[in-house]
Each structure stands twice: as C-alpha cells, then as structure tokens.
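Read the structure below first, then the notes.
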Amino acid sequence: MAKFVVAGKANCPYYAKAELLADYLQTNLPNFRVHKITQHPDKWEWLHDIRETNGWEHSQSPIIWRELLDRGGKGQLLGGLNDFLEYAQQYYGITSMMLSEEMLDIAEENLQAHLEIVKEDEEIKSLIKPVQIWITSASVPICYHLIPLLASGEVFGMTTEISIHLLDTDQFKEILHSIVMEAEDMAFPLLRSISEHTKIDQAFIDADIIIVLDDVLLNLEVQSLENYIREVSEICQVYAPLIEKNAKSEVKVISSGKTFANLKAMMLRTYGPSIRPENIIAIATSWESAAKAMLARKLNMNTAGVKDVIVWGNITGSNYIDLSHAKLYGYDCAIWGPANFQRPLLNMIYDREWIHSEFLSAQSTLSSRVSRCTGMLPAHAVATVLRYWYHGSPSEEIISVGILSEGQFCVPEGIVFSMPVMFRNGNWEVVTEVEINEITQKVLGRLSHELVQEKLVALKEISEMHPYEAE
Numbered sequence: 059m060a061k062f063v064v065a066g067k068a069n070c071p072y073y074a075k076a077e078l079l080a081d082y083l084q085t086n087l088p089n090f091r092v093h094k095i096t097q098h099p100d101k102w103e104w105l106h107d108i109r110e111t112n113g114w115e116h117s118q119s120p121i122i123w124r125e126l127l128d129r130g131g132k133g134q135l136l137g138g139l140n141d142f143l144e145y146a147q148q149y150y151g152i153t154s155m156m157l158s159e160e161m162l163d164i165a166e167e168n169l170q171a172h173l174e175i176v177k178e179d180e181e182i183k184s185l186i187k188p189v190q191i192w193i194t195s196a197s198v199p200i201c202y203h204l205i206p207l208l209a210s211g212e213v214f215g216m217t218t219e220i221s222i223h224l225l226d227t228d229q230f231k232e233i234l235h236s237i238v239m240e241a242e243d244m245a246f247p248l249l250r251s252i253s254e255h256t257k258i259d260q261a262f263i264d265a266d267i268i269i270v271l272d273d274v275l276l277n278l279e280v281q282s283l284e285n286y287i288r289e290v291s292e293i294c295q296v297y298a299p300l301i302e303k304n305a306k307s308e309v310k311v312i313s314s315g316k317t318f319a320n321l322k323a324m325m326l327r328t329y330g331p332s333i334r335p336e337n338i339i340a341i342a343t344s345w346e347s348a349a350k351a352m353l354a355r356k357l358n359m360n361t362a363g364v365k366d367v368i369v370w371g372n373i374t375g376s377n378y379i380d381l382s383h384a385k386l387y388g389y390d391c392a393i394w395g396p397a398n399f400q401r402p403l404l405n406m407i408y409d410r411e412w413i414h415s416e417f418l419s420a421q422s423t424l425s426s427r428v429s430r431c432t433g434m435l436p437a438h439a440v441a442t443v444l445r446y447w448y449h450g451s452p453s454e455e456i457i458s459v460g461i462l463s464e465g466q467f468c469v470p471e472g473i474v475f476s477m478p479v480m481f482r483n484g485n486w487e488v489v490t491e492v493e494i495n496e497i498t499q500k501v502l503g504r505l506s507h508e509l510v511q512e513k514l515v516a517l518k519e520i521s522e523m524h525p526y527e528a529e
C-alpha cells in the first residue's frame, strides 16, 4: 500500500495539477492512497514544523511525501510537482496533460472552496462557546489537581466545553508549560484548549470564571501582619482593574488558598467596584470536609453522610465550626428510613465532652490538616462550589461560603464573612432561617470584630499607598 500526502497552497496551480493526478491514481490503482492538505496562502508557514521534524529542505508549494506506515508514519520526501510527475510516470506509466489555463482555473476554485470550508468551520466553532476559566498562581499544586476535575465534565456537565488559562510569573513558566503539556496528553474530550500566560496585561480576557489561588507565606517572626496585608492589597490592586477591563460582565470570582481568602475577596471588590459583589466568593469547603471527616470517624460512618456543618467567620483565619444544624444520612442506628431520612448529628453523639473538649479544641488540629493539604482537598473544594454554583446545591444542602455581608446574623456590613448559603439557578442565597443561640452569636461578634480590624488595616494600607485616591 502506497500512501502519499499532497500539501500545497489553495491558490497554487501546481498543487492543483498534483492534486488531480493523485486523485486519478487513487481511483485507478487499488494500492494507492492519497491524503490532501490545503492551506491558505497566508498560512504556508504551517510547513515549518513538518520540515523541522523530518529534516526536509523543500519549502515550495506543493510538497509531496510518502508515509511509511511500517516505520510508525515517518515521512519520506518525494519533492514538488515535477518529482511527483516523474514518480507517477516511472512507477505507474501515468502522467498529467493538464494545461496551464486549466491549472489556474482549478487553483482559483480550490481557493474559493478552501475559504468556504474555513468560514463554515468558524461558524460551527462559534456555536460552541467554551467556558473560559482563568487560574492565578497556577504553578501551585492545587491547580495540578483541579484541572482534571474541571475537564472531566463533573463540574459543568458532559456537554460543556472549557478553555483553561494558567496565569503566573515568568519564574514559573516551565512549570506552567509542563502542566499544559500533561493536560493535553490526557486528551480530555471537553477541554477545548489550555494555555499558559505570564504577561499580566493580558490576564482574564473573556473570563467566565476566575480562580484566585495567590497566597502570601505567613511568618510573623519575619515581618508584621500589616506587611502581609499590604502584599494582599497589592495583588488585588493589580487583578481587580484587569478583571473589570478584560473579563465578561457576569464573571464569577473564587478566592481560595491558605491565607487571607476573605480579605482577597473583599479587596477585589474594593478595587473592582463594577464587579458584581454576589459574584465574588471565598471557599470554606476544605474546612467543612475536614470537620465532616473527623465527625464521621467518631461515628464510624461514611463521611458523605454528614451534612450541613457550618463554617462561620474568617476561612483562613479565626473561624467557628457549628454543629447545631448538622445532619446525618445513612447512619447505622436503631431507627432506619429511606435515603433522605436524616438524624440531627448532636443527638447521635452522646459524648458531649468529646465535642466540647476534643472536637472544638481540635480546630487547631483541623487547621493543621487543612493547611497541610496542598492538592486534592482544596481542589475538590473549588470544584464542588463551582458545581453547586452552576447546577444548584443537592437536596437543599447547606454549604459555607465567604460572601460580602449585608448585615445577616448581625454581622457588620462590608466584610467578607463565611456563612451558610444554598445555590439555586446559578445564584446563591443566604440561609437566614438558620437559628443561632446566644453563645454562637457572641462567637460571631468576636469573629466579626477580627475581620473588621483586618479590613481597617487593609484600608489604611490603601490610604498610605494612594493618599489622593483615599481622599
């Protein structure tokens, strides 16, 4: 079996002659096969990579080579039109008698046909608009675990294509390139494209979703908390105007990471006043998941059966794990029911001393667990919240999210505070029906005070960096 590739410019008369000769040979010879590649004249540099790979010198149109299937598809260069004519005459006794005028007419037809095919392809592609996802500080391990979750179809659905844009500094360019290559090698059917970006002025173009993973490495022995807050402010000061300028008007912004998740969300809103406040949230799901796992181990049950654990306050700072509304599904006890049958968690844990001593004091242990989780857990947290945001919370499930407070639960307005929400129809709403006792209210007051103070420090840093803007 002889398999030839005939490639050339769409308007090239010599390509037209080679193409028709190849068609004739394929029609009349049982063991001759041809694959034709037509390129727009302005895109003939397409040939560069093929020449580099095979070490060929030929650069004119057309270029013809034979694919050696028994050698893994490696090509053997035949040459141009004259070489092809000579080959056909020598091996098959066939040549082409096409006149120059015919060659020119067919070349013109080829160009018009090529332009129509390109236009049709572009129209088809325009009908399929992938979700544009930008990830900042994309060299961190969270991103590595997050990409397969986003591209698998589990988050947005099996009919929604996505394009992922990885943003980081030049320092991490090689890491970004490695991530891109590995993601491409995995051949996700829903991943339209994945690209790396190190030029900040091009960030967030056409973004539907922005996942902010930037962290500052806290070490209060090296510098003060105020200096770390300044770093966060500077990052958000760069990102927010670019989001306003380049991203889509309904862009969803998720603040995640190990440090200052609430503050990043608040500062993005401060520096980007045109960004819809309800579209900027901070992720608390890692805390929920770690707390649920600890409770499930205590009750000897599946972690997935623990629901509605609420995280209040500063997600990556001082927070409070509230069990008063938590429920158990599928718990092995004396009373059984259907799949939606639930039991209050506090009614099932009779060891209240464990709750108040080990579990509540173990929040420091939880903090250690969450801070050590650099990959799967935080990536799953981001993917879970995005799935709920696009498809709704399952079975009216409560999830904790850091949002801009409007005074719910007596939390001061204007700070990003983690509280219980439900996702419905592409939006979220605070579950204000949740009742809180006097003790919890005092805890919320203390957590609110800490976040207000953090906000005041951040605003002070803004005024010192931009005194005229502050006025």
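With our numbering applied, the sequence shown covers 59 to 529. All residues carry an ideal CB built from backbone N, CA and C; glycine is no exception.
Three-state secondary structure assigned by DSSP to residue i
i, result
"residue 247", "coil"
"residue 230", "helix"
"residue 136", "strand"
"residue 263", "coil"
"residue 157", "coil"
"residue 453", "helix"
"residue 69", "coil"
"residue 529", "Confidence in residue 529 is poor, its pLDDT being 41 and thus under 50, which makes the residue's placement unreliable; the coordinate value appears in the next sentence. Looking at residue 529 - three-state DSSP - the assignment turns out to be coil, as it is neither helix nor strand."
"residue 129", "In this prediction, residue 129 has a pLDDT of 49, which is less than 50 and means its spatial position is unreliable; what the coordinates show is noted afterwards. Residue 129: helix per DSSP, three-state reduction."
"residue 499", "helix"
"residue 59", "coil"
"residue 438", "helix"
"residue 464", "coil"
"residue 398", "coil"
"residue 360", "coil"
"residue 516", "helix"
"residue 239", "helix"
"residue 203", "helix"
"residue 310", "strand"
"residue 365", "strand"
"residue 373", "coil"
Residue range of the alpha helix (DSSP H) that includes residue i
i, result
"residue 553", "Outside the displayed range of the chain (59 to 529) lies residue 553, so it cannot be described from this structure."
"residue 343", "343-357"
"residue 386", "Where residue 386 is concerned, there is no enclosing alpha helix (DSSP H), although the beta strand (DSSP E) it sits in stretches over 385-387."
"residue 476", "No alpha helix (DSSP H) contains residue 476, which is instead part of the beta strand (DSSP E) from 474-482."
"residue 304", "283-304"
"residue 322", "319-329"
Pick from the options that is closest to residue i, judged by C-alpha positions
i, options, result
"residue 159", "250, 100, 252, 75", "75"
"residue 63", "88, 107, 163, 142", "142"
"residue 272", "245, 201, 219", "201"
"residue 169", "208, 371, 304, 67", "67"
"residue 329", "308, 516, 468, 98", "516"
"residue 154", "124, 77, 110", "77"
"residue 539", "325, 249, 191", "The displayed coordinates of the chain run from 59 to 529. Any statement about residue 539 would go beyond what the structure contains."
"residue 375", "280, 475, 98, 69", "475"
"residue 373", "473, 389, 147", "473"
"residue 510", "469, 393, 482", "469"
"residue 481", "492, 333, 456", "456"
Assigned exposure category for residue i - 16 Cβ within 10 Å defines buried
i, result
"residue 129", "For residue 129, the predicted structure reports a pLDDT of 49, less than 50, and the residue's modelled location is therefore unreliable. The matter cannot be settled from this model."
"residue 71", "buried"
"residue 380", "buried"
"residue 257", "exposed"
"residue 294", "buried"
"residue 288", "buried"
"residue 161", "buried"
"residue 112", "exposed"
"residue 65", "buried"
"residue 478", "buried"
"residue 227", "exposed"
"residue 490", "exposed"
"residue 260", "exposed"
"residue 83", "buried"
"residue 412", "exposed"
"residue 461", "buried"
"residue 253", "exposed"
"residue 405", "exposed"
"residue 512", "buried"
"residue 346", "buried"
"residue 149", "exposed"
Host beta strand (DSSP E) of residue i (start-end)
i, result
"residue 125", "121-126"
"residue 224", "220-225"
"residue 96", "90-97"
"residue 487", "485-488"
"residue 194", "189-194"
"residue 107", "Note, residue 107: premise wrong, no beta strand (DSSP E); alpha helix (DSSP H) at 105-112."
"residue 39", "Limits of the chain in this structure are 59 at one end and 529 at the other, which puts residue 39 out of reach."
Open item on the list: Does the structure place the segment 89-105 close enough to the segment 196-216 that three or more beta carbon pairs sit under 8 Å?
Closed with: no
Open item on the list: Taking 8 Å as the cut-off, does the segment 316-325 touch the segment 260-275 (at least 3 CB pairs, one atom from each stretch)?
Closed with: yes
Task: Inter-stretch contact at 8 Å, needing at least 3 Cβ pairs: the segment 450-463 / the segment 208-223 - done: Taking a cut-off of 8 Å for Cβ pairs, the segment 450-463 and the segment 208-223 do not touch, as fewer than three such pairs fall below it.
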